[in-house]
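Read through the structure below, which is laid out as C-alpha cells, and then see the notes.
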Amino acid sequence: MKTSVRVPFNDLSRGLARDRGALLDATSAVIDSGYVVHGTQHAAFESELADYLGAGYVLGVASGTDALEIAFKAVMPEGRSSVLTAGNAGSYSSIAAARANFNVVYADVDPVTLCLTVDTVQRRIDESVGVVVMTHLYGFLGDAAALRALCDELGIALVEDCAQAIGATRDGRHAGTFGHAGTLSFYPTKNLGAVGDGGAVITGTAEIATRVRELRQYGWQAKYCATVPGGANSRLDELQAAFLRVRLHTVDGLNERRREIVARYRQAAESVPPSVLTVLPAEGEHHVAHLAVARSPRRLDVRAQLGALGIQTDIHFPLPDWNQPAFAEFAPDVDLIATRTACDEVFSLPLFPELTDDEVAVVCDAIRALR
Ligand SMILES: *Cc1c(COP(=O)(O)O)cnc(C)c1O
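In my numbering, the protein residues as written are 73 to 443.
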C-alpha cells in the first residue's frame, strides 16, 4: 500500500495562490504594454534587483545555467581554459563550463560547510584555471571576500553561483557582489522563483556587464553585427520580469521563514544521535536556507522511516559530478573525500516558506521518532 503524503517536499501551488492577484495584474500590465521581451518590466527588474543587491549591474538571462555559461565566457582571462568548481553542487557549473568549451577542475569542499574554501581551492589550482566558481550551496554564503582576494592575487576570476543564495549577506554585502560576477536562477523552486525559467548575471564592472549584454544577444556589438564569439540567445522575458518584480520585495521575509523552519528541525534533531541524523544549520544573515539538509550515515533507512510517515525527502545531490557519465572526462586523479562523503550522506527535508506550522510539527515528531 502506498503511504499518502502528509508533508510534501515542495508545493508551488501555495505560493502561486498567495500571489495570484498580483501575478494576474502583472500579466495584464505586460499584455497591455505591447512589449514581450526586453521592455520596461525587464529594465525595471534589472535595476530593482541591482538596488536590492547593492550591485553595479544586473543582466537578465533565460536561466541560471545560461547565467553561468555567459559569466564564464565573459570573465575567463586570455590564455586560460579551465573552470574550477565543487563536485557536490548539482553539476550546473560543469554543464555551463562544458557548453562554453572549457575544461573542468574539481576541488574538494569543506567537510562542515560543504562549500569550497581558500584552502581547498589552493590545493587544486593549476595554471590552466581562469575561473573559480563558488557555489553558495543550500543558501550558505561563506568567506567570499577571502576567496576573491586569492583569485585577485592569482589573476583569475571569481564567479559566485548564487542560485540558492539570493538575499544572503556577509558584513552587509550581498552574495553575488564579492566575485567578478555572480549568477542567479529564478527557477520556480528557488528562493526568488519565477513562473517559469529565468536567470541573471550580477557584476560590479562595466566591461563585464557590456560583455554579458553582448553574449546574451547573439554576440552582437550592434544590431546584426555578431562581433563576439560564443554569443547566445538568452533572454528573460517581460512576463517573468514582471512576476519577479512582484516577488522581489517578499524575498527577505520568506528567507526568514525558511530559517525558522530549519531551526525547528535542528531542535528536533537534538534528541537523535549523529549516527542517525544531523541537520545542517541555517542561521544568520549569511544563510538563506534554500534547502533543509540533513546528513545520515544510514540515509537509505532513515529516508524510508520518514517516507513511511508520509514525509517526502530528496537528495541534493546524490553523485559527485565526475561520477556522472557526462563529466567523467574531468574526473580528478585524487580522492576528494569530503565531496564523496557528503554525496553519500546528505538528504533534504521538506522546506518551502508556505509549509504550515502543523506540517513542520509532523516532520519534527518524525525526526524525534527516528531509530
Ligand atoms: C538551480 C541551480 C542552477 C541552475 O539554474 P537553472 O535556472 O535551472 O538553469 C545553478 N546552480 C545552482 C546551485 C542551482 O541550484
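All C-beta atoms, glycine included, are put in the ideal place defined by N, C-alpha and C.
CB-CB length for residue i against residue j, believed under 8 Å
{"i": "S165", "j": "V205", "result": "5 Å"}
{"i": "S135", "j": "Q396", "result": "S135 to Q396, Cβ: 19 Å. No contact."}
{"i": "D182", "j": "A410", "result": "7 Å"}
{"i": "T99", "j": "L311", "result": "7 Å"}
{"i": "N263", "j": "V360", "result": "6 Å"}
{"i": "G132", "j": "G270", "result": "7 Å"}
{"i": "F144", "j": "V203", "result": "6 Å"}
{"i": "I274", "j": "A127", "result": "5 Å"}
{"i": "Y337", "j": "A298", "result": "Contact flag wrong, Cβ pair sits at about 51 Å."}
{"i": "A229", "j": "P149", "result": "7 Å"}
{"i": "D233", "j": "T207", "result": "4 Å"}
{"i": "V231", "j": "F399", "result": "About 18 Å; that fails the 8 Å criterion."}
{"i": "L256", "j": "A340", "result": "Not confirmed; about 32 Å, so no contact."}
{"i": "L186", "j": "A441", "result": "About 27 Å; that fails the 8 Å criterion."}
{"i": "V446", "j": "A218", "result": "Given a span of 73 to 443 for the chain in the structure shown, any question on residue 446 remains unanswerable."}
{"i": "D309", "j": "V108", "result": "6 Å"}
{"i": "A179", "j": "R196", "result": "4 Å"}
{"i": "V201", "j": "L222", "result": "Rounded, the Cβ-Cβ distance is 11 Å, inconsistent with contact."}
{"i": "E426", "j": "G87", "result": "6 Å"}
{"i": "A237", "j": "A247", "result": "4 Å"}
{"i": "D386", "j": "F81", "result": "5 Å"}
{"i": "A354", "j": "V323", "result": "That belief does not hold up - the Cβ atoms of A354 and V323 are roughly 15 Å apart, past 8 Å."}
Closer than 8 Å: residue i CB and nearest ligand 1 heavy atom
{"i": "D405", "result": "no"}
{"i": "D138", "result": "yes"}
{"i": "D309", "result": "no"}
{"i": "L84", "result": "no"}
{"i": "Y178", "result": "no"}
{"i": "Y164", "result": "yes"}
{"i": "F315", "result": "no"}
{"i": "T322", "result": "no"}
{"i": "K295", "result": "no"}
{"i": "F258", "result": "yes"}
{"i": "S462", "result": "This structure cannot settle anything about residue 462, because the visible part of the chain is limited to 73 through 443."}
{"i": "G239", "result": "no"}
{"i": "A161", "result": "yes"}
{"i": "K145", "result": "no"}
{"i": "Q339", "result": "no"}
{"i": "A235", "result": "yes"}
{"i": "L209", "result": "yes"}
{"i": "D269", "result": "yes"}
{"i": "T185", "result": "no"}
{"i": "T255", "result": "yes"}
Are three or more beta carbon pairs between the stretch 169 to 181 and the stretch 278 to 285 nearer than 8 Å? With a cut-off of 8 Å on Cβ pairs, the stretch 169 to 181 is not in contact with the stretch 278 to 285, counting fewer than three such pairs.
Counting beta carbon pairs with one atom in the stretch 210 to 223 and one in the stretch 424 to 442, are three or more of them shorter than 8 Å? Segments in contact, no.
Identify every run of the alpha helix (DSSP H) within the stretch 129 to 160, keeping only runs that are complete inside it and at least 4 residues long; order them along the chain. The qualifying runs are 136 to 147.
Scan the stretch 218 to 245 and note each continuous beta strand (DSSP E) run of 3 residues or more that stays entirely inside, going in chain order. If we require 3 residues or more, the beta strand (DSSP E) runs fully inside the stretch 218 to 245 come out as 229 to 233.
Is it true that the stretch 339 to 348 meets the stretch 361 to 370, where meeting means three or more beta-carbon pairs spaced less than 8 Å apart? Counting Cβ pairs under 8 Å, three or more are found: they touch.
Is it true that the stretch 107 to 127 meets the stretch 317 to 337, where meeting means three or more beta-carbon pairs spaced less than 8 Å apart? Pairwise C-beta distances place the stretch 107 to 127 in contact with the stretch 317 to 337, as three or more of them are shorter than 8 Å.
Does the count of Cβ pairs from the stretch 411 to 425 and the stretch 381 to 391 closer than 8 Å reach three? By the Cβ test, the stretch 411 to 425 is in contact with the stretch 381 to 391, since at least three Cβ pairs between them sit closer than 8 Å.
Answer yes if the stretch 298 to 305 comes into contact with the stretch 398 to 407, meaning at least three C-beta pairs across the two stretches below 8 Å, and no otherwise. Verdict: no, contact absent.
Please list the segments of the alpha helix (DSSP H) lying wholly inside the stretch 297 to 333, counting only runs of 4 or more residues, in order along the chain. Qualifying alpha helix (DSSP H) stretches, in chain order: 310 to 320.
Any chance you could list the alpha helix (DSSP H) runs of at least 4 consecutive residues sitting entirely within the stretch 358 to 410, in chain order? Within the stretch 358 to 410, the complete alpha helix (DSSP H) runs of at least 4 residues are 371 to 380.
Of all the alpha helix (DSSP H) runs that stay within the bounds of the stretch 160 to 205, which reach a length of 4 or more residues? Fully enclosed alpha helix (DSSP H) runs of 4 or longer: 164 to 171, 190 to 194.
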